[in-house]
Amino acid sequence: MTPEQQHVYEELLNKEKSLSNSWIDYWVQYSNAQTWEFWANLAMFVIPLVILWFVLDRKKALQIGFYGFSVHVMATYIHLYGERNNIWGFPYKIIPYLPTSITMDASFNPVVLMLLYQWTLNHKKNYYLFGALMCAIFAFVFKPLLSTVDLFHLYGRMNYFYLFLLYFLVTILAKLITDLFLHFQRNSRNA
-17 MTPEQQHVYE ELLNKEKSLS NSWIDYWVQY SNAQTWEFWA NLAMFVIPLV
33 ILWFVLDRKK ALQIGFYGFS VHVMATYIHL YGERNNIWGF PYKIIPYLPT
83 SITMDASFNP VVLMLLYQWT LNHKKNYYLF GALMCAIFAF VFKPLLSTVD
133 LFHLYGRMNY FYLFLLYFLV TILAKLITDL FLHFQRNSRN A
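Read left to right, the sequence shown gives residues -17 to 173 (the working numbering).
Listed below in structure tokens is the structure:
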């Protein structure tokens, strides 16, 4: 690393640390455990996990869990990109140290989609049709509701239709990735 590159790199690290401290200060002032928004986010984080604990088809737990983890990872990257580029934002968080909405990325969206995936598997329903329907509910009902109560904001040219497309892309990719790994698993038994 050249001295100039080292200097620029250290400046970026310092800016990032300063921004992180600002987010923590913001959380302490506006998003702490004394606000209803904190408790709403915590409920949207905990309740889906509790429901999943009781209704998960344990015989397919690894498959459904892998699918859910795929949703989680993609949603996290997409949300990070969206927040870093001022496309959308979550003004209230349960944990100020994380750069995006852990509520949506690690619990609510993955669990809802895992239960949908499980339902389509167990009832032999068209995953893509019901996935599109769920994505429409997320994008055109749930996110506008979150916006109405100030838990989510869209900025710039982003709109709910684009959110729908992103949600649907995640559902398609998560299913394709899961199917690919199931294919690998089945073929390894035959080898």
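All C-beta atoms in this analysis are idealised placements derived from N, C-alpha and C, irrespective of residue type, glycine included. Computed from a prediction, not measured in an experiment: that's the story for all the values here.
**Request:** Identify whether LEU136 lies in helix, strand or coil by the three-state DSSP scheme.
**Result:** DSSP places LEU136 in strand when its eight states are reduced to three.
**Asked** How big is the Cα-Cα spacing for ILE84 and VAL94?
**Response** Here the alpha carbons of VAL94 and ILE84 stand approximately 15 Å from one another.
**Message:** Do GLY113 and THR160 have their beta-carbon atoms positioned less than 7 Å apart in this structure?
**Reply:** Contact flag unset, no.
**Asked** Between the Cα of ASP87 and the Cα atoms of LEU128, ASN(-4) and ILE60, which residue gives the shortest distance?
**Response** Selected option, being the one with the closest Cα: ILE60.
**Close beta carbons around ASN68, own chain, < 8 Å, minus the five adjacent residues each side** = Cβ neighbours of ASN68 beyond the five flanking positions: TYR137 and GLY138.
**Prompt:** In the stretch 63 to 139, which residue ranges form an unbroken alpha helix (DSSP H) of at least 4 residues, counting only runs that do not cross its ends?
**Reply:** Annotation note: the stretch 63 to 139 contains the following uninterrupted alpha helix (DSSP H) runs of length 4 or greater, listed N- to C-terminal: 91 to 104, 109 to 119 and 125 to 130.
**Message:** Classify TRP35: buried if its beta carbon has 16 or more other beta carbons within 10 angstroms, exposed otherwise.
**Reply:** When all chains shown are included, TRP35 counts as exposed.
**Prompt:** Roughly how many angstroms separate the alpha carbons of SER170 and TYR79, rounded to a whole number?
**Reply:** About 41 Å.
**Message:** So for ALA15, helix, strand or coil by DSSP?
**Reply:** When DSSP states are grouped into helix, strand and coil, ALA15 belongs to the coil group.
**Prompt:** Would you call VAL131 buried or exposed, if buried means 16 or more other Cβ atoms sit within 10 Å of its Cβ?
**Reply:** The residue is exposed, with fewer than 16 neighbouring Cβ atoms inside 10 Å.
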